[in-house]
Amino acid sequence: MRKQVFLLVSVFIFGLLILPAESFSQRDGRPVDNIFEKEHITNKRPIPYPSIREADIIWSKRIWRIIDLREKINLPLYYPIAPADDRYSLVGLLMHGIQYEGLPAYSTTDDEFRVRIGINEVNEVMGATTELTEVYNPDTDTYVEMEVTRDVRYDEVRQIMVKEVWFFDKNYSRMDVRILGLCPIREEVNEAGEVVRRQTFWINFPEARDLFARHEVFNPINDAQRRSFDDIFIKRYFSSYIVQESNVHQNRSIEEYAVGIEAILESQRIRDEIFTFEHDLWEW
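FYI, the working numbering numbers position 20 of the sequence shown as 352, with every residue one higher than the one before it.
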């Protein structure tokens, strides 16, 4: 009798274990292309920043840097060019957030997030335009005007400008950094055949964190351990170089007073200055 009861209980427990797997593999009558349901990233929320008091900040500096999406470590931010398998590129996610999730976009007239712009203006600066062009009609041997519509040129955004603040907090006794904004930079070819770099729009990073936390970035090492876009920026999983610092000359950029190897050395000088400041605060 005891053996029969044990057998029935075992079969019942085994059935409970099998039922979720079967229901998942045929959810809504459709096959699912995975062995488990992804819930971690889709339900994720950004970790709030620690509170900061003005009295605790004994040193700070504003920095502008460039993330080149063509570098190998930054490729997960560039691909996929078009959304695929619930994955977005960084620019694709920003466009999705602006159009469908109410993410504010700001004009590039300045980088202080003062003037909001709409989705139509964003599409225009991203290359989605409608133009009249003459097309040859062989049937009538004439040229006729036709409207040619171009889609958003995600592939032409090859750099991201990051505006951030480095600061030392005496309350936590540490150097820290907070990203303020992101600006996609589009490389387009003008009528003269020259490549022109153009800032498109600014996104306030704190306003985008909730969107970033809910979308994953491809991990080339482990498909089961996908990081979110918020993780990438908060944990600094990207390569970049400094192009500007706060200064008395209206925050002029490095390219305004240095070129070539001198610009590279100036970028490294600013980076080393931040490192040296923190290093000199401690003694052993």
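Glycine included, each C-beta is placed from N, C-alpha and C at the ideal position.
Ranked by Cα distance from Asp-604, the options Ile-395, Asp-562 and Ile-430 are led by Ile-395. Within 10 angstroms of the beta-carbon of Ser-572 lie 16 or more other beta-carbons, which makes it buried. According to the DSSP assignment, Asp-542 belongs to the alpha helix (DSSP H) that extends over 537 to 545.
Per the coordinates, the alpha-carbon of Val-476 lies some 44 Å from the alpha-carbon of Ile-398. For Asn-406, the secondary structure class from DSSP, reduced to helix, strand or coil, is helix.
Judged by DSSP secondary structure, Ile-492 falls outside any alpha helix (DSSP H) and instead within the beta strand (DSSP E) spanning 489 to 501. Taking a cut-off of 8 Å for Cβ pairs, the stretch 412 to 426 and the stretch 590 to 600 do not touch, as fewer than three such pairs fall below it. Nearest C-alpha to Ala-540 among Asp-555, Asn-366 and Leu-512: Leu-512. Contact between Arg-506 and Ile-517 does not hold, since the beta-carbon distance rounds to 31 Å and is not under 8 Å.
Taking a C-beta distance under 8 Å as the contact criterion, Ile-390 and Phe-500 qualify as a contact pair.
Excluding sequence positions up to five before and after Glu-453, its CB lies less than 7 Å from no other CB in the same chain.
The alpha-carbon of Val-423 is positioned some 19 Å away from that of Thr-374. Taking the Cβ atoms as the reference, Glu-520 lies roughly 11 Å from Arg-490, outside the contact range of under 8 Å. For Tyr-569, the CB contacts under 8 Å within the same chain, skipping 5 residues up- and downstream, are Ile-405, Arg-559 and Asp-563 in chain order. Under the DSSP definition of a beta bridge, Ser-383 lacks any partner. By the neighbour-count definition (other C-beta atoms within 10 Å, threshold 16), Trp-534 is a buried residue. Look at Ala-416 here: in three-state DSSP terms it is strand. DSSP places Asp-562 in the uninterrupted alpha helix (DSSP H) bounded by 561 to 566.
In the pairwise beta carbon analysis, the stretch 543 to 555 is classified as not touching the stretch 457 to 466: fewer than three pairs are separated by under 8 Å.
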